């Protein structure tokens, strides 16, 4: 989980290794409390919104017309979407590691 990074930073991180199936989760810039699952595929980045439910569950919107899926944890969500043909453009393959804060270099 990358926390509060911009869409631009997200695109830079995913574009670095240019591997189909690279992904990260970040906070949404436009929707308070929502998260974004960002997935790299064929030089494009696909963004799927994840909403936190009142009970602590996570609900993801994948494709229009497909019912949202609900997960107990983000780990459960990732585990499900690592498998092919679950509703994403491509299955999740390569998690992009969080960058270390530059202030830690002291």
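Numbering (the UniProt record's numbering), first residue to last: 1 to 106. All C-beta atoms, glycine included, are put in the ideal place defined by N, C-alpha and C. Note that the structure is predicted; figures quoted are calculated from it, not measured.
Rounded straight-line distance, which links the Cα of residue j to that of residue i
i	j	result
residue 89	residue 21	9 Å
residue 16	residue 54	36 Å
residue 32	residue 51	10 Å
residue 86	residue 14	21 Å
residue 43	residue 11	10 Å
residue 58	residue 74	7 Å
residue 46	residue 38	6 Å
residue 84	residue 76	15 Å
Of the residues the options, the one placed nearest residue i, counting alpha carbons only
i	options	result
residue 40	31, 98 and 92	92
residue 56	26, 65 and 72	72
residue 63	29, 48 and 98	48
Whole-number beta carbon distance between residue j and residue i, since they are thought to touch under 8 Å
i	j	result
residue 7	residue 94	Not really, about 19 Å apart at Cβ, beyond 8 Å.
residue 78	residue 68	Residue 78 to residue 68, Cβ: 16 Å. No contact.
residue 35	residue 96	At roughly 15 Å, the Cβ-Cβ gap does not stay under 8 Å, so residue 35 and residue 96 are not in contact.
Residues sharing a beta bridge with residue i, DSSP
i	result
residue 45	40
residue 22	94
residue 27	35
residue 50	35 and 60
The alpha helix (DSSP H) enclosing residue i, as first and last residue numbers
i	result
residue 70	Not the alpha helix (DSSP H): residue 70 falls in the beta strand (DSSP E), residues 69-71.
residue 60	Here residue 60 belongs to no alpha helix (DSSP H); instead the beta strand (DSSP E) covers 58-60.
residue 87	Per DSSP, residue 87 belongs to no alpha helix (DSSP H) and is neither H nor E.
residue 9	7-17
residue 75	74-81
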